[in-house]
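Student: Going down the list, the protein sequences come from chains A and B.
Position 3 (the first sequence) corresponds to 3 in my numbering; numbering is contiguous.
Position 142 (the second sequence) corresponds to 350 in my numbering; numbering is contiguous.
Don't be surprised by glycine CBs; every beta carbon is placed ideally from N, CA and C.
If you scroll down you'll find the structure; I have some questions about it.
2 protein chains.
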Amino acid sequence: MTEQRPRTRIQEKNRAMILEAALDVFSQHGFRGATLDQIAKAAGLSKPNVLYYFASKEAIHGELLAGLMDTWLEPLRALDDNGDPVGELLDYVERKLEMSRDMPRESRLFAGEVLQGAPRFGAFVTGPLKTLVDEKAALIRGWVEAGRIARVDPYHLIFAIWATTQHYADFDTQVRAILQPEDNEHFDDARVFLRGMYSGLLRPDGSH
Amino acid sequence: MTEQRPRTRIQEKNRAMILEAALDVFSQHGFRGATLDQIAKAAGLSKPNVLYYFASKEAIHGELLAGLMDTWLEPLRALDDNGDPVGELLDYVERKLEMSRDMPRESRLFAGEVLQGAPRFGAFVTGPLKTLVDEKAALIRGWVEAGRIARVDPYHLIFAIWATTQHYADFDTQVRAILQPEDNEHFDDARVFLRGMYSGLLRPDGSH
DNA sequence: GTCTATATAAGGATAGAC
DNA sequence: GTCTATCCTTATATAGAC
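The following block contains the structure:
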């Protein structure tokens with residue numbers, strides 16, 4: 001449980017600074033690889049002072065994950081039954097790719113957790129995430145059966161979208177080593193590539 | 209440098225047991241998260257005995273990575289200029305998917321390294337891996353220009369293939385939480401899905 | 001609220017008996 | 001070659017002064 005005791009502005013500011021620093025450190029080194037020294041230094045505080053705001057290293061990590069869950073589910077949640085199916089799914093791809101560009105640390109934080117078997121947020125994966133995926137897979141299946149998109153397996157489609165978009169955040173080091181982009185212009189190429197791939201895949205039979 | 213002094217059969221057997229155990233532990237917990245105690249226990253040896261065979265924790269990890277590099281590059285290396293382009297690329301997808309099914313620990317070991325910025329094998333990524341990717345991207349570009357496959361960006365195609373196939377190993381926990389497969393039958397569905405997606409993507413214009 | 005100093009534990013590595 | 005015992009560093013967390 002997060003403490004609900006009221007906090008002053010300076011408290012909130014310090015907590016936010018610690019969480020920001022912790023996102024940096026945890027996403028780069030993983031939970032075990034991160035140290036409180038690194039987090040404290042990145043936050044510009046002493047180690048005991050960090051522990052004045054959070055009960056433990058585990059507590060910082062947990063609060064980070066908890067705070068990001070909604071953000072993480074939001075693009076899939078936005079998939080709308082009333083929109084144009086192909087357009088909705090292409091928008092989803094685009095939104096996920098933007099998140100890889102704009103929130104790569106968050107992506108790597110989640111990726112590291114899942115990679116290790118989700119020891120600290122298995123409940124999120126088997127709970128809210130699975131529930132939402134099941135719901136949206138049913139929606140996609142409905143589009144398939146109505147002939148509004150091509151015949152694809154909804155679950156593997158969702159996995160493919162996750163994989164191809166998150167790849168640019170999670171494997172950023174590798175992508176940059178190979179493409180050697182200035183700034184982030186490779187995200188534009190990725191966008192074009194993925195739009196082409198998924199629009200071809202999803203286009204219902206005979207519509208081209 | 210690896211010692212080149214000759215080793216007895218029992219030495220080779222113990223080294224192999226340690227590496228096998230270390231692959232288990234490193235792939236699940238990452239370099240920092242893994243402990244020599246865990247590796248020793250999994251190998252059925254005492255901790256000092258493990259260090260009799262390997263100079264350090266780092267040495268075990270390094271030898272694991274080094275020993276897997278060739279295996280990891282092999283499928284892409286097999287992409288053959290003389291074969292049918294679409295068939296060659298679909299075979300590559302299939303081979304990579306099989307590796308995710310049959311060597312998930314190896315996939316997660318590499319994924320964990322890249323996720324953390326490849327601190328211990330950046331040289332592999334910027335060296336042999338990049339060289340091979342550049343070479344095969346040129347090959348694919350040739351196929352595009354000859355009109356033998358559809359117009360796609362070779363690099364982003366390779367990234368997409370990596371992402372969509374390795375996802376089933378690296379995010380195994382998440383995939384299983386959502387699909388709840390008996391055994392590994394979801395790999396068959398993934399195979400069908402990915403074959404469909406990539407054959408549609410790669411088919412040259414007007415060939416269907 | 002913030003710091004210095006420190007308690008305590010975990011983990012990598014070594015010494016030395018067998 | 002293999003083990004027990006131990007060294008020593010690192011890292012989480014706490015005590016207590018200010």
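Classify A:R101 as helix, strand or coil using the three-state DSSP reduction.
Tutor: Against the first sequence, residue 101 of chain A aligns to sequence position 101. A:R101 falls in the helix class under three-state DSSP.
Student: Is the Cβ of B:T279 closer than 8 Å to any Cβ of chain A?
Tutor: Position 71 of the second sequence holds residue 279 of chain B. Output row for B:T279: interface = no.
Student: Can you name the start and end residues of the alpha helix (DSSP H) that A:A169 belongs to?
Tutor: Numbered from 1 along the first sequence, position 169 holds the residue referred to as residue 169 of chain A. Per DSSP, A:A169 belongs to the alpha helix (DSSP H) from P154 to D170.
Student: Under the three-state reduction of DSSP, which class applies to B:I285: helix, strand or coil?
Tutor: Position 77 of the second sequence, counted from the start, is the residue given in the question as residue 285 of chain B. Correcting the residue identity first, residue 285 of chain B is Arg in this sequence and not Ile. Helix.
Student: Rounded to a whole number of angstroms, what is the C-alpha to C-alpha distance between A:R120 and A:H29?
Tutor: Mapped onto the first sequence, residue 120 of chain A falls at position 120. Mapped onto the first sequence, residue 29 of chain A falls at position 29. Those two C-alpha atoms are separated by around 15 Å.
Student: Would you mind stating whether B:T381 and A:V114 have Cβ atoms separated by less than 8 Å?
Tutor: In the second sequence, the residue the question calls residue 381 of chain B occupies position 173. In the first sequence, the residue the question calls residue 114 of chain A occupies position 114. Taking 8 Å as the cut-off, the Cβ atoms of B:T381 and A:V114 count as close.
Student: Can you give the Cα-Cα distance for B:I386 and A:V152, rounded to whole angstroms?
Tutor: Numbered from its first residue, the second sequence carries residue 386 of chain B at position 178. Numbered from its first residue, the first sequence carries residue 152 of chain A at position 152. Approximately 17 Å, taken between the alpha carbons.
Student: Could you tell me which of B:G355, B:E393, B:A326 and B:A346 sits nearest to B:L273, measuring between CA atoms?
Tutor: Position 65 of the second sequence, counted from the first residue, corresponds to residue 273 of chain B. Per the Cα distances, B:A326.
Student: Counting only beta-carbon separations shorter than 8 Å, does B:Y363 have a partner in chain A?
Tutor: Taking the first residue of the second sequence as 1, we reach residue 363 of chain B at position 155. Yes, B:Y363 lies at the interface with chain A (some Cβ there is under 8 Å from its Cβ).
Student: Flag B:F234 as yes if its beta-carbon sits less than 8 Å from any beta-carbon of chain A, otherwise no.
Tutor: As a position in the second sequence, residue 234 of chain B is number 26, starting the count at 1. Judged by the 8 Å Cβ criterion, B:F234 is not in contact with chain A.
Student: Kindly examine the ligand NAD and report whether one of its heavy atoms sits closer than 7 Å to the Cβ of A:A34.
Tutor: For the ligand NAD, the structure offers nothing, since it holds no ligand at all.
Student: Excluding the 5 residues flanking B:R316 on each side, which residues of the same chain have their C-beta closer than 7 Å to its C-beta?
Tutor: By one-based count along the second sequence, residue 316 of chain B stands at place 108. Same-chain partners within the cutoff: S235, A377 and D378.
Student: For the stretch 252-262 of chain B against the stretch 333-352 of chain B, do three or more pairs of beta-carbon atoms, one drawn from each stretch, fall closer than 8 Å, so that the two count as touching?
Tutor: no
Student: Is the CB of A:H61 under 8 Å away from at least one CB in chain B?
Tutor: Translated into positions along the first sequence, residue 61 of chain A becomes position 61. With 8 Å as the cut-off, A:H61 does not count as an interface residue toward chain B.
Student: How would you call A:G33, buried or exposed, if buried means at least 16 neighbouring beta carbons within 10 angstroms?
Tutor: Counted from its first residue, the first sequence places residue 33 of chain A at position 33. Classification of A:G33: buried, given that the 10 Å Cβ count is 16 or more.
Student: Would you mind sorting B:V400 into buried or exposed? The rule is 16 or more other CB atoms within 10 Å of its CB.
Tutor: Here residue 400 of chain B is taken as the residue at index 192 of the second sequence, counted from 1. Flag for B:V400 reads exposed.
Student: Just to confirm the assignment: which complete alpha helix (DSSP H) runs, minimum length 4, are found wholly within the stretch 240-268 of chain B?
Tutor: 244-251 and 255-261
Student: Since A:S236 contacts A:L90 with CB under 8 Å, what's their CB separation in whole angstroms?
Tutor: Nothing about residue 236 of chain A can be read from this structure; chain A reaches only from 1 to 208.
Student: At the level of alpha carbons, what is the spacing between A:M103 and A:E63?
Tutor: Start at 1 with the first residue of the first sequence, and residue 103 of chain A comes out as number 103. Start at 1 with the first residue of the first sequence, and residue 63 of chain A comes out as number 63. Going by C-alpha positions, A:M103 is about 17 Å away from A:E63.
Student: Do A:A123 and A:P204 have their CB atoms nearer than 8 Å?
Tutor: Position 123 of the first sequence, counted from the start, is the residue given in the question as residue 123 of chain A. Position 204 of the first sequence, counted from the start, is the residue given in the question as residue 204 of chain A. No, the Cβ-Cβ distance between A:A123 and A:P204 is not below 8 Å.
Student: Under 9 Å Cβ-Cβ, which residues of chain A neighbour B:G320?
Tutor: The sequence position of residue 320 of chain B within the second sequence is 112, counting from 1. Within 9 Å Cβ-Cβ: G30, G112, L115 and Q116.
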